[in-house]
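Visitor: Submitted below is the structure of interest, expressed as structure tokens.
Residue numbers (this note's numbering): 72 to 180.
Put into structure tokens, the structure is as follows:
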């Protein structure tokens, strides 16, 4: 006397499998939509009291870099370099934070 249909006990039948597939597809679509929204966003970082401003897109490309003339000093290039690096890193940190907030995370990925 076997009460199991199809060997799975009816607990994981075709309807449940289809439901799981739909959920997985929806999750994938949600992730793709969130990634596209992130990539189309802009992130602005201003450092050195506004002396250097960096604008990046969510796909981590520098879109604009503004340097105030008074920060340009031929005898102190290192400060300008540090400001540019700080601005880029700040914009990247903003992108990463937004990504954590908006893009669904899938375990194991």
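Even glycine gets a Cβ: it sits at the ideal position worked out from N, Cα and C. In this text, all values refer to a predicted model and were calculated from it rather than measured experimentally.
1) If you run the structure through DSSP and keep just helix, strand and coil, what is residue 116?
2) Could you check whether residue 126 and residue 154 sit closer than 8 Å to each other, using their CB atoms as the reference points?
3) Would you call residue 120 buried or exposed, if buried means 16 or more other Cβ atoms sit within 10 Å of its Cβ?
4) Going by beta carbon distance, what residues of the same chain come within less than 8 Å of residue 144, once the five residues before and after it are set aside?
5) If you reduce the DSSP assignment to three classes, tell me which class residue 122 lands in.
6) What did DSSP end up calling residue 159 once you bin it into helix, strand or coil?
7) CB residue 114 to CB residue 162, shorter than 8 Å?
Guide: In this structure, then:
1) Start at 1 with the first residue of the chain shown, and residue 116 comes out as number 45. In the structure shown, residue 116 sits in a strand (DSSP, three-state: E or B).
2) As a working note, residue 154 is residue 83 in the chain shown. As a working note, residue 126 is residue 55 in the chain shown. In this structure, residue 126 does not lie closer than 8 Å to residue 154 by Cβ.
3) Mapped onto the chain shown, residue 120 falls at position 49. Residue 120 is exposed by the Cβ-count criterion.
4) Here residue 144 refers to the residue found at position 73 of the chain shown. Counting only Cβ-Cβ distances below 8 Å, and skipping sequence neighbours, we find 150 and 151.
5) In the chain shown, counting from the first residue as 1, residue 122 sits at position 51. Coil at residue 122, not helix or strand.
6) Translated into the one-based positions of the chain shown, residue 159 becomes position 88. In this structure, residue 159 counts as helix in the three-state DSSP scheme.
7) Your numbering for residue 114 matches position 43 in the chain shown. Your numbering for residue 162 matches position 91 in the chain shown. Cβ distance < 8 Å, so residue 114 and residue 162 count as in contact.
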